[in-house]
Structure formats: structure tokens, C-alpha cells
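One structure is given below, encoded as C-alpha cells.
Numbering (our numbering), first residue to last: 523 to 758.
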């Protein structure tokens, strides 16, 4: 199963959470394939399972049953240490809340990400500045997060996520806190990264306007795919 340009695959993925009312099935028997070098959107209302899915794809969580394959390796079978190494070196994550260090400048935030990934000191400064340029923020390198707009902060978070040249970038609702203009700026950055760096980006959103520019769309509803695959324009 799968093809040569596939970077991620899930097989019969299930994730169940315990709750006071009993077990909640966040994902049920979900099998998807993500192509390398494109923008894949996981779409669905709040509670559809898309955040659970992106956490499993990004090795932040383990499935209750089923399998996740990343670059041909079964993530769910790896030790915590091996998964941690993949997260640090092969994966970039952009959180909805941005999660920048408030006492560090934009440059220091990106450079810190390189240190965490274990990149050698020699090229870190150049790479951090290169990534800030990629997201259009080289002139804001010495500003603290609170001196930047919401869209600029999110772009710093993207620069940090791509700095160690990950194979895949995962972004959970990266535009949710932004107005539509800033949101489109963030998406423009993603598209540029795909075109110039060959990046693979998987993001969650429930913004119907963003579906048009995705290479792949998976719509989730109650933990399963809605009407099979690329059901991008289904009215919610």
C-alpha cells in the first residue's frame, strides 16, 4: 500500500479518550495518505477529530489502535526516545497559540529552535536569518514577540518550525486567531515553502476559503472521513 511520493500514511487509526461519561472515540478506523511536497488540509468542525489526527501524525500522541507511518517508519511502534528524535529532527510544529519565548527576539526564538534540534553552532545564525527572510521578517529580527502583530508572530513560529529543515510541518489551526488578511499571509508563506523548499505541510482549519488552495483535503466528521476522501466543498 502507498506510493513513492507518500510521506505519511495511517492504517485503521483509532483514538479513544476516557471521559466521566465513558469512552469517547475521537477517531475511528481512519486510513489516509499524505503526499510529499504539498499542502494537505484536515478540515472539519470543532470536535471532528482533526486536532487528534494532527497530534498522531506529528508523533505528539499515540493511537489506541491502528498505525501511523512517517517516511516509511511505523511511528506507533517506536520507543519514546526514537519518537522524540524524529520530532526534533524530521518534524516541525506550529501551534495555534504561537508559543514563542516572550523574552527572546524573533531571531533568538528561531535560533533557539535550531539549538533544540541539535544543529551545529556554526551555521545557526545564518540559518535563523535565512528563515526569517523566507517568512518576510528579516527587518523584524530584533523585535520581541509583543512588539509584533499576530500575523508576524505566527510567521516567526513558522520560521522556527522550518529552521532545522524538517521533512514535514504540522500546523494546528495556524490562522484561527488571525484576521483574514493576516491568515492569507501565513498561507502564502506555506505555499512559498512548498514551492522553494519542497516542504510538506499538514494543517487543520475550518476556514472554507483555505480549501481552494490545498493540494489535498480530508474532511472529518465525528472521527471519520466525511463521504470518503477529498470532500473539500461540502457545506458545513
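Backbone N, C-alpha and C fix where the C-beta goes; we use that ideal spot for every residue, glycine too.
First and last residue of the uninterrupted beta strand (DSSP E) at residue i
i           : result
residue 690 : 690-694
residue 531 : 528-541
residue 565 : 561-565
residue 733 : Segment 730-733 is the alpha helix (DSSP H) holding residue 733; no beta strand (DSSP E) there.
Where residue i sits in the DSSP three-state scheme
i           : result
residue 643 : helix
residue 617 : coil
residue 755 : Low confidence applies to residue 755: its pLDDT is 40, below 50, so where it sits in the model is not reliable, and the reading given next is rough at best. Note: residue 755 maps to coil in three-state DSSP.
residue 524 : In this prediction, residue 524 has a pLDDT of 41, which is less than 50 and means its spatial position is unreliable; what the coordinates show is noted afterwards. It is coil, neither helix nor strand.
residue 598 : helix
residue 582 : coil
residue 552 : strand
Nearest-angstrom Cα separation, counted from residue j out to residue i
i           : j           : result
residue 629 : residue 676 : 14 Å
residue 791 : residue 597 : Because the chain is modelled from 523 through 758, residue 791 falls outside the range shown and cannot be assessed.
residue 701 : residue 729 : 11 Å
residue 752 : residue 562 : Only weak support exists for where residue 752 lies, its pLDDT of 46 falling under 50; the coordinates are left without a value.
residue 571 : residue 667 : 31 Å
residue 711 : residue 542 : 42 Å
residue 581 : residue 556 : 15 Å
residue 526 : residue 721 : Low per-residue confidence applies at residue 526: pLDDT is 49, beneath 50, and the placement is therefore not dependable enough to give any value.
residue 737 : residue 714 : 14 Å
residue 632 : residue 533 : 34 Å
residue 643 : residue 681 : 18 Å
residue 719 : residue 708 : 16 Å
residue 743 : residue 547 : 12 Å
residue 529 : residue 693 : 16 Å
residue 602 : residue 608 : 10 Å
residue 637 : residue 610 : 10 Å
residue 600 : residue 684 : 24 Å
Which residues DSSP lists as bridging residue i, in chain order
i           : result
residue 587 : 536
residue 610 : According to DSSP, which records beta bridges pairwise, residue 610 is partnered with nothing at all.
residue 545 : 540
residue 742 : 747
residue 769 : The question about residue 769 has no answer, for the chain in this structure spans 523 to 758.
Endpoints, alpha helix (DSSP H) assigned at residue i
i           : result
residue 637 : 628-638
residue 723 : Where residue 723 is concerned, there is no enclosing alpha helix (DSSP H), although the beta strand (DSSP E) it sits in stretches over 722-727.
residue 702 : 702-719
Whole alpha helix (DSSP H) runs in the segment 646-695 with 4 or more residues, listed along the chain? 646-656, 672-684
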